[in-house]
Structure formats: C-alpha cells, structure tokens
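In the numbering used here, the protein residues as written are 302 to 472. Don't be surprised by glycine CBs; every beta carbon is placed ideally from N, CA and C.
Encoded structure:
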C-alpha cells in the first residue's frame, strides 16, 4: 500500500523542476516569490512577509494535528535558474487529496504550474488516494488550464464561490 505520510520527505523531480519538501528556511526566498499583490486577485488577502511565512511554515511542517489528515507541501525550484518559483501542496484526508498551486508572477506562462501540479497529481493518484480535488475560482482561467493539464475536470459543485474540479485515480 502507498503511504502518503512518507511523501513530504521525498523530493519530486520533473523535466525542469525540483519539488522540494517545504522547510522553514524557504520563507525568505518564498516571500520574494509571492510578493506580487496580483497573486491574491482570486483568493483575497495580501502577500505575507518573510516572518509571516516562517511562522506558517513552522506550523505546516509540524504536520496536521489530525492524524487522519496529511499536509504535503513542496516548493518549486526551477533548475535552470536555480531559484524557487512557487509551491504546490496537497491535503490528504482518507481517499481524497486536495491539491493547490501558486507560481510567482515572473515565472507565470512558462508551464511551471502545469508541470508541478501534474507531477503531484500523478504521484498522489494511487491507493489509498482515490480522488484528486482542486477548487478554482471560475474566472481564474490559468488555474483552470493547469487543472485540465493535470487531468482534473470541472464539476457542478461550488464551494465558497469556487468550482470543484476532480480526477478519479485509475483503478
């Protein structure tokens, strides 16, 4: 059986990217990566400071307080430029893994989110996970394209104004 709790300790390598398990030490560089207020157009809020991210990363890397829930978080490193460009994450609850991704503005439009999301989706799409889920704002066409490329499909279900996208795992 595939044990999702072992995933955070493992890096994922794709053609151009290294998905590295999140560490508190990533906060400084990630604060710069995520500093554009435009990244919050669909989600609300404002960019976090490095101190805010350090505190958040401490909580996240400590793991979920619920033993039935796994938090899997990776930063996205573009090997050719030797820099972080964003993150991809998954919350696994029983047979469902909810995935999300964010790529910093300077790196958007280069297929980085698609490559990272596809790698995580493919990695998680095996037992005990049976369904992948993402929630995407109906106006966020770039995220919808990433979800489509990762094999997810929109449903008629909405949650907090976002469309639920799903991908059943192969049997």
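Query	Result
Please work out which residues of its chain come closer than 7 Å, Cβ to Cβ, to residue 441, disregarding the five sequence neighbours upstream and downstream, and give them in chain order.	343
If you reduce the DSSP assignment to three classes, tell me which class residue 401 lands in.	strand
Helix, strand or coil: how does DSSP classify residue 385 here?	strand
What's the C-alpha gap between residue 356 and residue 324?	11 Å
Once you ignore the five residues that flank residue 469 on each side, which residues in its own chain have a CB closer than 6 Å to its CB?	432
Looking at the structure shown, is residue 353 part of a helix, part of a strand, or coil, going by DSSP?	helix
Measuring CA to CA, which of 407, 454, 393 and 430 is closest to residue 333?	407
Is it the case that the CB of residue 434 approaches a heavy atom of the ligand ADP more closely than 7 Å?	Looking for the ligand ADP in the displayed structure turns up nothing, as the structure carries no ligands at all.
Tell me the rounded alpha-carbon separation between residue 421 and residue 410.	19 Å
Are the beta-carbon atoms of residue 386 and residue 361 separated by less than 8 Å?	no
Applying the 10 Å Cβ sphere with the 16-neighbour rule, what's the burial state of residue 327?	buried
Suppose the cutoff is 8 Å on Cβ atoms and the five residues either side in sequence are ignored; what does the same chain contact list for residue 458 look like?	464 and 465
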